[in-house]
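First up is the structure itself, then whatever we jot down about it.
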Amino acid sequence: MSDALLTESATVLDPAQITRDWLEARVSKMIDDEEEIDPEENLLLYGLDSISVMQLISDLRGAGVGLSFAELGQQPTLNKWWNLIAAKLPR
Numbered sequence: 735m736s737d738a739l740l741t742e743s744a745t746v747l748d749p750a751q752i753t754r755d756w757l758e759a760r761v762s763k764m765i766d767d768e769e770e771i772d773p774e775e776n777l778l779l780y781g782l783d784s785i786s787v788m789q790l791i792s793d794l795r796g797a798g799v800g801l802s803f804a805e806l807g808q809q810p811t812l813n814k815w816w817n818l819i820a821a822k823l824p825r
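Under our numbering, the first residue of the sequence shown is numbered 735, with each subsequent residue one higher.
Next comes the structure, spelled out in structure tokens:
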């Protein structure tokens, strides 16, 4: 998927909205699971799919948080994702 397509489909997200709680709620919605997510568990074991991850990346890019699929794919846990996102949030 090209960056142009990602940008066009992105939800406009204010960087101030991006919190640890937001990420947890977003991931819960992505895996369609109302149970609590173990923050150290591999999200792929919950059934997370690549299309959902790409949409998350698109939304984050729209808020100025530049992450790649490879970055998230190498560390697919809630805690690791939050660390990556928090480090790239615009200040």
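Positions of the beta carbon are idealized from the N, C-alpha and C atoms, including for glycine.
Closest to residue i by CA distance: which of the options is it?
i	options	result
Ile765	Ala821, Leu812 and Lys822	Leu812
Ile752	Gly796, Val787, Glu774 and Asp767	Gly796
Trp815	Glu774, Lys763, Glu770 and Asp748	Glu774
Pro810	Trp756, Leu823, Gly798 and Val761	Val761
Val787	Leu747, Arg754, Asp772 and Glu805	Glu805
Leu778	Asn817, Gly807, Lys822 and Ala821	Gly807
Residue i by DSSP, collapsed to three states: which one?
i	result
Leu747	coil
Ile752	coil
Asp793	helix
Gly807	helix
Ser900	Nothing about residue 900 can be reported from this structure: the residues present for the chain run from 735 to 825 only.
Buried or exposed: which applies to residue i, given that a residue is buried once 16 or more other Cβ atoms fall within 10 Å of its Cβ?
i	result
Ile819	buried
In its own chain, which residues sit with a C-beta less than 8 Å from the C-beta of residue i, not counting the 5 before and 5 after it?
i	result
Leu782	Val761, Met764, Ile765 and Pro810
Who are the near neighbours of residue i in its chain, counting only those whose CB is closer than 6 Å to its CB and skipping five residues on each side?
i	result
Leu740	Below a pLDDT of 50, predicted positions are generally treated as unreliable, and Leu740, at 46, falls in that range; the measurement from the model is reported next regardless. Excluding residues within five positions, the ones whose Cβ falls inside 6 Å are Ser792.
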